[in-house]
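Notes follow once the structure below has been shown.
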Amino acid sequence: MAPRIGFFTRLLEDSGPAERYRFALEQIRHAERHGFATAWVAQHHFNAAEGGLPSPWPLLGAAAATTSRIRLGTAVVTLPHENPLRVAEDAAVVDQLSGGRLELGVAPGASPQALEAFGYAGQDPKDLFAEKLPVLRSALRGEPQGESGLTLQPLGVQASGVGAPIRALDDRLWQATFSDRGATRAALAGDGLMLSRIQPGDVDVSLNASQRPIVEAYLENLPEHVEPRILSSRTLVVVDEENRQRVAATARERVAALAAKNYGVDPSGYSDRELLRITNSYFGTPEEVAEQLSRDEAAARSSDVSFQAHSIDPGHELTLRSIELIATAVAPQLGWELAP
1 MAPRIGFFTR LLEDSGPAER YRFALEQIRH AERHGFATAW VAQHHFNAAE
51 GGLPSPWPLL GAAAATTSRI RLGTAVVTLP HENPLRVAED AAVVDQLSGG
101 RLELGVAPGA SPQALEAFGY AGQDPKDLFA EKLPVLRSAL RGEPQGESGL
151 TLQPLGVQAS GVGAPIRALD DRLWQATFSD RGATRAALAG DGLMLSRIQP
201 GDVDVSLNAS QRPIVEAYLE NLPEHVEPRI LSSRTLVVVD EENRQRVAAT
251 ARERVAALAA KNYGVDPSGY SDRELLRITN SYFGTPEEVA EQLSRDEAAA
301 RSSDVSFQAH SIDPGHELTL RSIELIATAV APQLGWELAP
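The sequence shown begins at 1 in the UniProt record's numbering and counts up by one.
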């Protein structure tokens with residue numbers, strides 16, 4: 001089955017936060033107009049250079065008010081920092097505002113510095129995640145909380161939608177992971193699996209090879225009655241031929257920084273093509289990108305693929321153009337699914 005395509009905004013424009021949020025909302029609306037199935041936002045506390053969105057809920061609420069079809073997701077809420085009941089409340093409100101279009105992605109990742117700032121100094125984020133995820137799931141189901149037995153208000157949208165039933169919000173949970181152990185945990189819970197655009201490890205091991213055992217662990221442990229949900233996130237910028245050289249010049253600087261930060265390599269010893277490979281970044285004209293993506297085994301096996309302009313970051317206008325070209329020129333070549 002062909003994967004559905006999504007857009008992932010990282011809010012990294014070279015501007016102030018208000019402008020960044022305006023750009024992100026415009027990109028989400030643009031993606032909806034061009035048939036993208038989903039739009040995702042990342043949560044990053046404190047560090048504006050990593051994303052600039054400490055709370056996804058106001059932005060997703062604004063997106064819900066200005067879109068009508070595209071599904072809206074978190075990729076991800078870093079659950080160790082959060083009060084799981086507050087996450088459930090915020091998610092349920094956005095789900096109501098969007099008419100049941102929310103997809104809720106969560107992850108155990110958290111830095112020691114951020115944990116200390118939020119009052120969890122010295123605690124293991126994986127332990128916090130394991131403690132908080134069942135509370136979040138229970139609250140989303142409307143189960144009694146605490147000795148008083150209080151229940152979540154409002155719940156997420158439960159009614160049937162046009163054409164197909166809307167899954168209850170607790171059935172729209174996704175877990176992000178870098179490991180087959182995390183994939184097994186997501187599968188046994190019946191949750192979706194979120195794969196990153198990068199995979200820590202050896203630079204000589206392809207993203208396909210490193211993510212293959214994660215996908216296999218998920219599929220092997222998923223209950224038979226549960227439909228697989230696998231979201232692969234990919235860095236992708238598609239350009240017209242006349243813009244290729246100009247964007248490539250700035251792209252090298254940015255992917256070089258990512259290669260040095262995430263993989264510890266000296267970028268001066270690598271060509272542009274090699275740096276794109278090391279950072280798992282797809283870039284080029286529609287024909288070039290379609291050929292690159294045709295070799296992406298993990299993406300082809302996914303139910304959903306979300307594309308983000310980070311770390312190439314060509315700017316707002318070229319990101320809008322990339323969205324258009326993905327929909328009109330890349331997806332048709334691959335036979336990937338666009339919404340009507």
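Beta carbons are placed, not taken as given, at the ideal position from N, Cα and C, and that holds for glycine.
About 4 Å separates the CB atoms of Lys132 and Pro84; that is less than 8 Å, so the two are in contact.
Burial is judged here by how many other beta carbons sit within 10 angstroms of a residue's own beta carbon; Val205 has fewer than 16 and is exposed.
Per DSSP, Phe36 lies in no beta strand (DSSP E) and is assigned neither H nor E.
Leu325 and Val238 have their C-alpha atoms spaced approximately 6 Å apart. Cβ-Cβ distances below 8 Å link Asn262 to Ile198, Pro200, Thr279 in the same chain, with the five nearest sequence neighbours on each side left out; the list follows chain order. Less than 8 Å divides the Cβ of Leu195 from the Cβ of Gln211. By the C-beta criterion, the segment 264-272 is judged not to be in contact with the segment 289-308, since fewer than 3 inter-stretch pairs fall below 8 Å. DSSP places Ser302 outside both helix and strand once states are collapsed to three, so it counts as coil.
Across the structure, Ser281 and Ala256 are spaced so that their CA atoms are roughly 11 Å apart. In the three-state scheme derived from DSSP, where H, G and I count as helix and E and B as strand, Val77 is classed as strand. The alpha carbon of Leu72 has as its nearest neighbour, out of Ala209, Ala62, Pro144, the alpha carbon of Ala62. In the DSSP assignment, Trp57 falls within the alpha helix (DSSP H) that extends over 56-66.
Rounded to whole angstroms, the gap between the alpha carbons of Asp313 and Thr319 is 8 Å. Under the DSSP assignment, Leu236 falls in the beta strand (DSSP E) whose first and last residues are 230-238.
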